[in-house]
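Structure record follows, encoded as structure tokens.
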Amino acid sequence: MMTDNNNDLGCQDWNAAPSADRKVVDFYDGASIFVTGGTGFVGKALIEKLLRSCPGLKNIYLLIRPKRGKDIECRYQELLENPVRTFFIYSFQHIVIC
29 MMTDNNNDLG
39 CQDWNAAPSA
49 DRKVVDFYDG
59 ASIFVTGGTG
69 FVGKALIEKL
79 LRSCPGLKNI
89 YLLIRPKRGK
99 DIECRYQELL
109 ENPVRTFFIY
119 SFQHIVIC
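Going by the working numbering, the sequence shown opens with residue 29, and the numbers climb by one from there.
So, in structure tokens, the structure goes:
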């Protein structure tokens, strides 16, 4: 019986499930992050996942640029269109738009 997460070769045993999620939460605890592309499909999913899973985030800095005739404010409002995402963004007071 193994008592740690390493197999006989000294490699991490990925089948043992000591919470990888916990490691992510711990990694981002007290951290500030800078996100580019936050208004795109993957960026929106990333921001929502971080807000949902990492309550200890200190700041999220979003770089939003004008694109296709839409100014920064318009693109930010599009980011907020999803009601679930809006709840998390407004409950998290440390999002800075750059």
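Ideal Cβ placement from N, Cα and C applies to all residues, glycine included.
Supposed contact pair residue j and residue i - C-beta distance, whole angstroms, cut 8 Å
{"i": "C82", "j": "Y56", "result": "4 Å"}
{"i": "L79", "j": "V63", "result": "The pair is not a contact, with the Cβ atoms about 11 Å apart (cut-off 8 Å)."}
{"i": "V53", "j": "G84", "result": "7 Å"}
Rounded separation between residue i and residue j - CA only
{"i": "K95", "j": "K86", "result": "28 Å"}
{"i": "I61", "j": "V70", "result": "16 Å"}
{"i": "I100", "j": "K77", "result": "22 Å"}
{"i": "C142", "j": "G58", "result": "Residue coverage of the chain in this structure runs from 29 to 126, which leaves residue 142 outside it and unanswerable."}
{"i": "I128", "j": "K98", "result": "Any question about residue 128 goes unanswered here, given that the chain covers just 29 to 126."}
{"i": "R93", "j": "N110", "result": "20 Å"}
Cβ neighbour criterion (16 or more within 10 Å) applied to residue i
{"i": "L107", "result": "buried"}
{"i": "G27", "result": "Within the shown structure, residues of the chain are numbered from 29 to 126, placing residue 27 beyond reach of any answer."}
{"i": "M29", "result": "At M29, the pLDDT of 44 sits below 50, so the modelled position is not reliable; the number obtained from the coordinates is stated separately. Exposed, because fewer than 16 other Cβ atoms sit within 10 Å of the Cβ of M29."}
Residue i CB to nearest heavy atom of the ligand ZN below 7 Å
{"i": "E109", "result": "What this structure holds is no ligand at all, so the ligand ZN is not there to describe."}
*For the stretch 64-99, list the beta strand (DSSP E) runs that are entirely contained and at least 3 residues long, ordered along the chain.*
87-91
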